[in-house]
Structure formats: structure tokens, C-alpha cells
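Trainee:
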Amino acid sequence: MSLSRLLSGLFADSEPSTESPATTQNSGEPEESTTVVHECRNCGTNVSEETTCCPACESEDIVRYSI
Numbered sequence: 708m709s710l711s712r713l714l715s716g717l718f719a720d721s722e723p724s725t726e727s728p729a730t731t732q733n734s735g736e737p738e739e740s741t742t743v744v745h746e747c748r749n750c751g752t753n754v755s756e757e758t759t760c761c762p763a764c765e766s767e768d769i770v771r772y773s774i
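Once you know that position 16 of the sequence shown is 723 in the working numbering, the rest is easy, because the numbers rise by one and skip nothing.
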């Protein structure tokens, strides 16, 4: 399962009244560290920042997610 599908599924059932990262960012507290994930959009394989071609499926469609 690709990261984008996983994240979409996690937030699909969220109630608007629940606190989410978007609502807590402006609370005046310092931001927590951000994790950066590089992933092939074709097959979902996690790759390094320097990767330009997916080693699993040879796709050049690499995306960067900050989570």
C-alpha cells in the first residue's frame, strides 16, 4: 500500500470537530520535527532522496512527502 493511499484512508473518516495537525499548528507552540518520505508514485516503494528512478519498477515518478 502506498503512503498516499494510507494517509487518505486515515483522514477520510475524521470528524471536522476533532483536533487535527492543521488546527494545532497555530497554537503558539514550537513545531515538532517533520519526517520526509520519498516514494515511487507508481508502486509505492520508499526510496532515498537522491533516487531518480525506482529500483523496483523503474518509474521516474518519485514524490516527496513531509509528514
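Every residue gets a Cβ at the ideal spot worked out from N, C-alpha and C, and that includes glycine.
Thinking just about the alpha-carbon of each residue, which of GLU765, CYS761 and ILE774 is nearest to the one in VAL743?
Mentor: Out of GLU765, CYS761 and ILE774, ILE774 has the C-alpha closest to the C-alpha of VAL743.
Trainee: Please report the distance separating the alpha-carbon of SER755 from that of SER709.
Mentor: Rounded to the nearest angstrom, the two C-alpha atoms are 16 Å apart.
Trainee: Go to ILE769, then tell me how far its beta strand (DSSP E) extends in each direction, as first and last residue.
Mentor: Residues 769 to 773.
Trainee: Check this for me: beta carbons of CYS764 and ASN749, under 8 Å apart or not?
Mentor: Cβ distance < 8 Å, so CYS764 and ASN749 count as in contact.
Trainee: Provide the residue(s) that pair with CYS747 in DSSP beta bridges, ordered along the chain.
Mentor: BP columns for CYS747 point to ILE769.
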